[in-house]
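*Asks:*
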Amino acid sequence: MRTLHFYALLLYFALLLFVGIVLMSPLAVFLSLPILWLIIFSEVLPFKPAKFNRKFSEKRYVEGNEVEFRYVVEGRGYYFIKDAMNIVRGYCRDKCVEKRKVTLDKFGKINFKEAWVYSEDVLGMQGYGSKVKDRGELRIYPKIEYIRKLKIKPRKTRSILGDYPSRMKGPGIEFTDIREYSPGDDMRFINWKATARRNKLMVNEYESERTGDTVILLDVRRFLKGAEEYEDLLNASVRAAATLATYLSRTRSRVGFVVLGNTVDWIYPTYGKRAMYLILDRLLHLRSEKISRLTFDYGKFIVSRFFPPNSFVILISPLLSWDIDDSIVELLAKGYDVLVISPTLIGGGEDVASKILKAEREVRLRRIRMYGRVVDWNIEYPLTSILKVMR
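As structure tokens, this is what we get:
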């Protein structure tokens, strides 16, 4: 494929030759000869269109991290490559390697579907450009804050060993009492100081640790069109859900997830890293670009239908829905233990509609505090600093 540079030189050669013949000017003919030799030389010069192979070390990253892309280019000449993340250009002799480092500023999923590849020979006479199919996926998870330990647990535990103290006596780390030794007791639990004082064998009793059910209920519905603070509240809510999901997966809890946006989505409770990655993957594309028409009753129904009573429900919501406080009271009445984390942005949104929503939110906060636990979270501060009061 000839480039514009080739046709421009060809036109320039033709003009000089034409002027030289018409005006019988040897100088014009002489000046056209180097251009002719350049055109002939470009015909015999080997040209190999560029091909590339992109590599990166991991498929999962956390926002704020830096990822290094490694492009292996095969070809001869200049090349230009544009994919979903980078623009790479340079000169290659048969094979070369280009590296690009990119800081991942926003969580989400990046799919590499196609790339534009253009290459030229050394003289710029021949060029070839095309769209090529590209394969690859990059998952950028929300930034996760480290939580060492929180005193949050379900009212009712399961029979499987976990990290939550239960009412059952057995092996554990939470000391509860000292009693007299009974045949069959583990010798490791003998309290020798108490035995010496009472002159009979005494053993320590511990609370047995079990697992429990925890549900993260995320409310990202949009109520104001074009509200400036909505994106900040959405991002903070998603990061809070990711932080709690990561922490709960370490406690060997059975973790479920419900999200309310323009639609309803949920994940049935499961354990460990599987639960964490399932929730993190659902958080990647949470957006509410239009006003949501869903009521909170949908979230209440999903929790009541698919998650057992006595589960621990962590609700992350700005509390802007008119029916949310009644639904929380109903969940409490059904035996669910509810913790409300309400993100807010102090000083954002000074229009009349925003002021009305904020006033209504304050009323809901006061009402919910009468029945359950509420954390009023200013998103300008880290979530961990707010949750310290629960430790």
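Counting in the working numbering, the sequence shown runs from -6 upward without gaps. Glycine is no exception: its CB is placed at the ideal position from the N, C-alpha and C atoms. Predicted, not measured: the structure shown is a model, and the values here were computed from it.
(1) Check for me: the beta strand (DSSP E) holding ASN46 runs from which residue to which?
(2) Starting from PRO176, trace the beta strand (DSSP E) both ways and give me its first and last residue.
(3) I'd like the span of the alpha helix (DSSP H) that includes TRP315, first residue to last.
(4) Please classify LEU(-3) as buried or exposed, where buried requires at least 16 other C-beta atoms within 10 Å of its C-beta.
(5) Which word fits THR256, buried or exposed, when buried means at least 16 other C-beta atoms lie within 10 angstroms of its C-beta?
(6) Tell me the rounded alpha-carbon separation between VAL22 and TYR111.
(7) Might you give, ordered along the chain, the residues of its own chain that have their beta carbon closer than 6 angstroms to the beta carbon of VAL252, omitting 5 neighbours on each side?
(8) Is there at least one Cβ from chain D nearer than 8 angstroms to MET(-6)'s Cβ?
(9) Check VAL81 in the structure and name its three-state DSSP category.
(10) Using the Cα positions of LEU2 and PHE34, report the straight-line distance between them to the nearest angstrom.
(11) List the DSSP bridge partners of PRO375.
(12) Does DSSP classify TYR139 as helix, strand or coil?
(13) What is the C-beta distance between ILE361 and VAL368, in whole angstroms, given that I count them as a contact (C-beta under 8 angstroms)?
(14) Which whole-angstrom value describes the C-beta separation of ALA235 and PRO135, a residue pair presumed to lie in contact below a C-beta threshold of 8 angstroms?
(15) Among the candidates ILE171, THR207 and ARG215, whose CA atom is the shortest distance from the CA of VAL196?
(16) Would DSSP call SER387 helix, strand or coil?
(17) Buried or exposed: where does SER175 fall if 16 or more other Cβ atoms within 10 Å of its Cβ makes it buried?
(18) Ordered along the chain, which non-local residues of its own chain (more than five positions away) have a Cβ less than 7 angstroms from that of TYR408?
(19) Does DSSP put SER152 in a helix, in a strand, or in coil?
(20) Nearest to LEU279 by alpha carbon, out of SER230, VAL322 and ASP290?
(21) For ASP274, which option in ARG132, LEU16 and ARG245 has the closest C-alpha, if you only look at C-alpha atoms?
(22) What does a CB cutoff of less than 6 angstroms around PHE182 pick up in its chain, not counting 5 residues either side in sequence?
(23) Leaving out five residues before and five after GLY68 in sequence, what residues of the same chain have Cβ atoms less than 7 angstroms from its Cβ?
(24) Alpha carbon to alpha carbon, how far is ARG354 from THR337? Give it in angstroms, no decimals.
(25) Compute the distance between the beta-carbons of VAL95 and VAL65, then report whether it is under 8 angstroms.
(26) Label ASP316 either buried or exposed according to how many other C-beta atoms from any shown protein chain fall within 10 Å of its C-beta, with 16 as the threshold for buried.
(27) Mind listing, in chain order, the continuous alpha helix (DSSP H) runs of no fewer than 4 residues lying wholly within the segment 219 to 297?
*Replies:* Taking the definition as stated:
(1) Locating residue 46 in the sequence shown gives position 53, counting from the first residue. Residues 41 to 49.
(2) For the purposes of this step, residue 176 is taken as the residue at position 183 of the sequence shown. No beta strand (DSSP E) contains PRO176, which DSSP labels as neither H nor E.
(3) Translated into the one-based positions of the sequence shown, residue 315 becomes position 322. Counted as a single uninterrupted DSSP element, the stretch harbouring TRP315 is not any alpha helix (DSSP H), since DSSP gives it neither H nor E.
(4) Position 4 of the sequence shown, counted from the first residue, corresponds to residue -3. By the 10 Å Cβ count, LEU(-3) comes out exposed.
(5) As a working note, residue 256 is residue 263 in the sequence shown. With fewer than 16 other beta carbons inside 10 angstroms of its own, THR256 counts as exposed.
(6) Against the sequence shown, residue 22 aligns to sequence position 29. Against the sequence shown, residue 111 aligns to sequence position 118. If I take the Cα positions, the gap works out to 35 angstroms.
(7) In the sequence shown, the residue the question calls residue 252 occupies position 259. So the list reads LEU211 and ASP258, once near-sequence residues are dropped.
(8) Absence of chain D from the displayed structure is noted, only one protein chain being present.
(9) Numbered from its first residue, the sequence shown carries residue 81 at position 88. Strand at VAL81.
(10) Here residue 2 refers to the residue found at position 9 when the sequence shown is read from its first residue. Here residue 34 refers to the residue found at position 41 when the sequence shown is read from its first residue. Cα to Cα, LEU2 sits roughly 13 angstroms from PHE34.
(11) Residue 375 sits at position 382 when you count from the first residue of the sequence shown. Answer by DSSP bridge pairing: none, since PRO375 is not bridged.
(12) As a working note, residue 139 is residue 146 in the sequence shown. In the structure shown, TYR139 adopts coil according to DSSP, grouped into three states.
(13) To locate residue 361, count along the sequence shown from 1; it is residue 368. To locate residue 368, count along the sequence shown from 1; it is residue 375. Contact doesn't hold; Cβ gap of about 11 angstroms is too wide.
(14) Within the sequence shown, residue 235 is the residue found at index 242, counting from 1. Within the sequence shown, residue 135 is the residue found at index 142, counting from 1. Rounded, the Cβ-Cβ distance is 4 angstroms, consistent with contact.
(15) The residue labelled residue 196 in the question sits at position 203 within the sequence shown. The shortest Cα separation from VAL196 among ILE171, THR207 and ARG215 belongs to ILE171.
(16) This structure cannot settle anything about residue 387, because the visible part of the chain is limited to -6 through 384.
(17) Taking the sequence shown and counting its residues from 1, the one referred to as residue 175 is at position 182. Under this definition SER175 is an exposed residue.
(18) Since the first and last residues shown for the chain are -6 and 384, residue 408 lies out of range.
(19) Indexing the sequence shown from 1 puts residue 152 at position 159. Its pLDDT being 49, under 50, SER152 is placed unreliably in this model, and the value from its coordinates should be taken loosely. DSSP places SER152 in the strand class (E or B) of the three-state scheme.
(20) On the sequence shown, residue 279 is found 286 positions in, with the first residue counted as 1. Ranking the options by Cα distance to LEU279, first place goes to SER230.
(21) In the sequence shown, the residue the question calls residue 274 occupies position 281. Checking every option, the nearest Cα to that of ASP274 belongs to ARG132.
(22) In the sequence shown, residue 182 corresponds to position 189, counting from 1. Within the same chain, and ignoring the five residues on either side of PHE182 in sequence, the residues whose Cβ sits closer than 6 angstroms to its Cβ are VAL196 and ASN197.
(23) As a first step, residue 68 must be located in the sequence shown, where it is residue number 75. Taking GLY68 as the centre and dropping the five residues before and after it, the same chain places the C-beta of LYS41, PRO42, ALA43, LYS44, CYS85 and SER112 closer than 7 angstroms to its C-beta, in chain order.
(24) The residue given as residue 337 occupies position 344 in the sequence shown. The residue given as residue 354 occupies position 361 in the sequence shown. Their Cα atoms are separated by approximately 10 angstroms.
(25) In the sequence shown, the residue the question calls residue 95 occupies position 102. In the sequence shown, the residue the question calls residue 65 occupies position 72. No, the Cβ-Cβ distance between VAL95 and VAL65 is not below 8 angstroms.
(26) Locating residue 316 in the sequence shown gives position 323, where the first residue counts as 1. Burial state of ASP316 is exposed, judged by a 10 Å Cβ sphere holding fewer than 16 other Cβ atoms.
(27) List check, alpha helix (DSSP H) in window: 223 to 243 and 265 to 276.
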